[in-house]
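In the numbering used here, the protein residues as written are 40 to 417. Let me begin by presenting the structure, written as structure tokens, before commenting on it.
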Amino acid sequence: MFARIFGFTRSPARRRWLAAAAVCAAGIGLGSVPARAHEIGTTRVSVLFPERRTYDIEIVTDASALVEKLEASAGQSLPADAGPARLQALLPGRDEIFRRRVKVVFDGVEVRPTISYAVTPAVDASSAIAATIRLTGEIPKDARLFAWTFAWTFTSYAMTVGSAASETPPVQWLEGDQTSAPFDVTSVPRVDRRGTAWRYLTLGVMRIVPGGLDHMLFVICICLLGGRARSVFWQVCAFTVAHSIMLALGLYGVVAVEPKIVEPLIALSIAYVALENIFLADLKSWRPALVFAFGLLHGMSFAGALKDVALPRSEFLTALLTFNLGVEAGQVAVIGAAFVLVGWHSANHAWYRRHIVVPVSGLIACTAVCWTIGRLSF
């Protein structure tokens, strides 16, 4: 439709310009993407109130990113040799700077916690060097309302709050330097179902657009070969059913595979489908089954990401369903954009395979192979 409006389907020269522009734009975008896997967020906060007399706040975040911000605030730059040991040595020296953007408040009065820092190496290609920061202290006498601010991150992060024995700690999602809603340390508030649904729906969409380039490329690959609505529909259905099954099994602990195994296999699945698009002129009957198998891999990745954001147990099913719905919405957006870019009926034209399918699939295959090598060599 987009192509017809601008007349690209009427002129072979214009069609070639469209294909070249699409490939160049994709090349620029893909070339800037690192081989490591993506994450929904790099920061998590857990707040406990042991026996309602003390507080214990644990922050887990990207150590390199945090130290870089601290050094910049001090007018310095991150050292080139910023490995785990170096980062561990730098953090205590920036303690006062760190405290400027962290607030622990009881009944409107800010308290000064004791802070300890620990840095651990990255465990696989999907993770960063982690900093675990613990803030501890006594709750002021007769204090009831707790509030929290952590302004060293610029993305959404999950904060769980509860007592040491709390089975279903509620989750608050905060943006950057946003202050949390007041929490009564003597009680556990109810989890808002509507808010939970909206939050995890949004996270599901962001898992695909813009945070899941590898998943986007896989969806584009299964749309390229054949290009007709019916063939795309059955492939997308197979992919959706597969990753939905594996997402549920992964979250319930039935299936558990380490990211260092899953992430390279996901990259390989993208490369395989892209190469198949190049060497097969027609869609084979077994293609949906293949897409289903690869969808299981992608579902493991979704499950790993969702585990990192502290699903509320009391609204576990709501969060799971809405996250999955968000993933599907993201996929539909990618498919819609692909159809709009090349036109709804482009697959019926002789130029479609030569100028769209082969060059775009070739570029995606090269990118996926680079990702595979990068993830295996981590």
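Where is the CB? At the ideal position from N, CA and C, for every residue including glycine.
Can you give me the C-alpha to C-alpha distance between D253 and A268, rounded to a whole angstrom? 22 angstroms
Report all residues from its chain with a CB closer than 6 angstroms to the CB of T411; omit the five preceding and five following residues, and keep chain order. P303, A306, L307
When we look at the beta-carbon of Q211 and count the other beta-carbons within 10 Å, is it buried (16 or more) or exposed? Per the 10 Å Cβ criterion, buried.
Per the DSSP calculation, F189 is bridged to which residue(s)? V141
For S226, count neighbouring C-beta atoms within 10 Å of its own C-beta (all shown protein chains included) and say buried if the count is 16 or more, exposed if not. exposed
On the three-state DSSP scale, how would you describe Y311? helix
Alpha carbon to alpha carbon, how far is P327 from W273? Going by the C-alpha atoms only, they are around 7 angstroms apart.
Measure the alpha-carbon distance for V408 versus L415 and round it to whole angstroms. 11 angstroms
Exposure label - T194; buried when at least 16 CB within 10 Å: Using a 10 angstroms sphere on the CB of T194, the tally of other CB atoms stays under 16, which defines it as exposed.
Going by DSSP, which residues form a beta bridge with F222? F185
Just to confirm, are C276 and V312 a CB contact at a threshold of 9 angstroms? no
What are the boundary residues of the alpha helix (DSSP H) that includes G176? Segment 169–177 is the beta strand (DSSP E) holding G176; no alpha helix (DSSP H) there.
Measure the CB-CB distance between M285 and M339 and report whether it falls below 9 angstroms. yes
Given G401, which residues of its chain have a CB within under 7 angstroms of its CB, disregarding the five upstream and five downstream residues? I317
Using the rule of at least 16 other Cβ atoms within 10 Å of the residue's Cβ for burial, across every protein chain shown, is S103 buried or exposed? buried
Here's the rule I'm using: 16 or more other beta-carbon atoms within 10 Å means buried, otherwise exposed. How should Y291 be labelled? exposed
Counting C-beta neighbours from all protein chains within 10 Å, is the total for T218 16 or more, i.e. buried, or is it exposed? exposed
From R139 to Y196, what does the alpha carbon distance come to, in whole angstroms? 19 angstroms
Would you report the Cα separation of R392 and V244, rounded to the nearest angstrom? 30 angstroms
Can you check DSSP and say which residues form a bridge with Y291? Looking at the DSSP assignment, Y291 forms no beta bridge with any residue, so it has no partner.
Check whether chain C comes within 9 angstroms of T100, counting only Cβ atoms and requiring the distance to be less than that. Given the protein chain composition of this structure (a single chain), no chain C is represented.
In this structure, what does DSSP give as the bridge partners for I96? V86, L174
I need the DSSP call for V227, collapsed to helix, strand or coil. Per-residue confidence for V227 stands at a pLDDT of 49, beneath the threshold of 50, marking its modelled position as unreliable; no derived number is given.
With a cut-off of 8 angstroms on the beta carbons, I'd call T242 and L364 a contact; round off their distance for me. It should be pointed out that residue 242 corresponds to Leu in this sequence rather than to Thr. The Cβ separation is near 11 angstroms, so there is no contact.
Bridge partner(s) assigned by DSSP for Q211: Paired residues: M198.
Can you check which of these residues, S116, V200, G215, is closest to P209 by C-alpha distance? V200
Do you know how far the Cα of Y156 is from the Cα of D146? 27 angstroms
Can you name, in chain order, every residue of its own chain whose Cβ lies under 6 angstroms from the Cβ of D101, other than the five neighbours on each side? Within its own chain, the residues whose Cβ lies closer than 6 angstroms to the Cβ of D101, once the five positions on either side in sequence are excluded, are T81, A167, listed in chain order.
Are A220 and A190 close, meaning C-beta to C-beta below 9 angstroms? Result no, Cβ atoms of A220 and A190 do not sit closer than 9 angstroms.
Just verifying my parser: in three-state terms, what is the DSSP assignment at S324? coil
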